[in-house]
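Before any comments, here is the structure.
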Amino acid sequence: MTDYKKEVAQALLDIQAVKLQPNDPFTWASGLKSPIYTDNRKTISFPKVRRLIANGLAELVKEQYPQATAIGGVATAGIPHAAWVAEVLDLPMVYVRSKPKDHGAGKQIEGAITSDDSVVLIDDLISTGGSVLGAVDAVRREGSEVAGVLSIFSYELPAADTNFAAADTQFSPLTTYSALLDVQKTAGVLSEEDLNALQEWRLDPKAWSEQHSN
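If you read the sequence shown in the UniProt record's numbering, its first letter stands for residue 1, the second for the next number, and so on.
In structure tokens form, the structure reads like this:
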């Protein structure tokens, strides 16, 4: 049986979709300093990796949301993965824009779902959950049920747990920040000091950023 958590974490590292630099932090668009940078859009250019991800996400749908009748991609990075998962499972697929179109019928959801549908939404990354929960709201406004949310990767930030709980929404990542660190630890790539710094960031990214901004 495939250990998707470990294999996907290793694959993301191999193609440099995820980079760890605890001693030379990245600066995110928000201005926060971070020891990790993630660009899961790179996965679409690697057939073996995208197939691994599609099969892993499809397994999660079957295990956790067997009632699902449609797969939804969260714009923009979740769309191709949702399409591949929908193909694996032979289910209808829709995608959810970040906001309604400002012309025509003003649709936010492209494709066809009804009030009878139970939708699994797919995104590439869960940070705090803000963008994907906006898509959850859009699907619910259409009258459809959201069975749950899946992602390729999750930072496992406490804020995400809080936000998903507040939205009464289940979510499951295919792989996680902890799995990523385990893979790197097993490979002997990170020192104990580096691992401690990376764990501290996950618990409080803002405080970590402030400490590393000088």
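Glycine included, each C-beta is placed from N, C-alpha and C at the ideal position.
Rank the options by C-alpha distance to the C-alpha of residue i and give the top, closest one.
i: E156; options: Q184, G148, L203; result: L203
i: A86; options: K99, I109, P100, L121; result: L121
i: S172; options: T76, G143, A58; result: A58
i: G56; options: H81, D14, V18, W208; result: H81
i: S131; options: S118, S144, L150; result: L150
i: H212; options: T2, T27, K19, L20; result: T27
i: S118; options: Q108, A29, S98, S144; result: S144
i: K5; options: I36, I152, W84; result: I152
i: D14; options: D39, N23, A160, P22; result: D39
i: I36; options: I44, S45, L12, F46; result: L12
i: S17; options: T162, Q199, L180; result: Checking the sequence shown, residue 17 turns out to be Ala, not Ser. Residue L180 is the option with its Cα nearest to A17.
i: V88; options: Q67, K62, P100, E110; result: K62
Given this structure, state the Cα-to-Cα distance separating residue i from residue j, to the nearest angstrom.
i: S127; j: G73; result: 17 Å
i: residue 218; j: D90; result: A query on residue 218 cannot be resolved here, the shown segment of the chain reaching from 1 to 214 and no further.
i: A112; j: G129; result: 24 Å
i: K33; j: D116; result: 44 Å
i: V94; j: K42; result: 22 Å
i: G31; j: S154; result: 20 Å
i: V139; j: A70; result: 11 Å
i: S178; j: E210; result: 22 Å
i: residue 227; j: A54; result: Here the chain covers residues 1 to 214 and nothing more, so residue 227 does not appear.
i: V96; j: T76; result: 9 Å
i: S98; j: T114; result: 20 Å
i: K185; j: Q108; result: 42 Å
i: E193; j: A166; result: 35 Å
i: S45; j: E7; result: 17 Å
i: P66; j: L60; result: 9 Å
i: A68; j: L190; result: 40 Å
DSSP three-state call for residue i: helix, strand or coil?
i: T176; result: strand
i: D182; result: helix
i: A187; result: coil
i: F46; result: coil
i: D123; result: strand
i: K99; result: coil
i: E145; result: strand
i: T76; result: coil
Please work out which residues of its chain come closer than 7 Å, Cβ to Cβ, to residue i, disregarding the five sequence neighbours upstream and downstream, and give them in chain order.
i: G78; result: I122, D123, D124
i: E142; result: I109, I113
i: P25; result: K33, S34, P35, H212
i: A9; result: T175, A179, L180, V183
Within its chain, find whatever has a CB closer than 6 Å to the CB of residue i; leave out the 5 residues flanking it on each side and keep chain order.
i: T176; result: S154, E156
i: P158; result: none
i: A187; result: none
i: W208; result: E200, W201
Can you list, in chain order, the residues of its chain whose CB lies under 8 Å from that of residue i, leaving out five sequence neighbours each side?
i: N163; result: T128, G129, G130, L133
i: K206; result: L32
Inset, instruction - Determine, using beta-carbon pairs with one atom in the region 129-149 and one in the region 45-53, whether at least three such pairs fall under 8 Å. - result: The answer is no - the region 45-53 does not touch the region 129-149, with fewer than three Cβ pairs under 8 Å.
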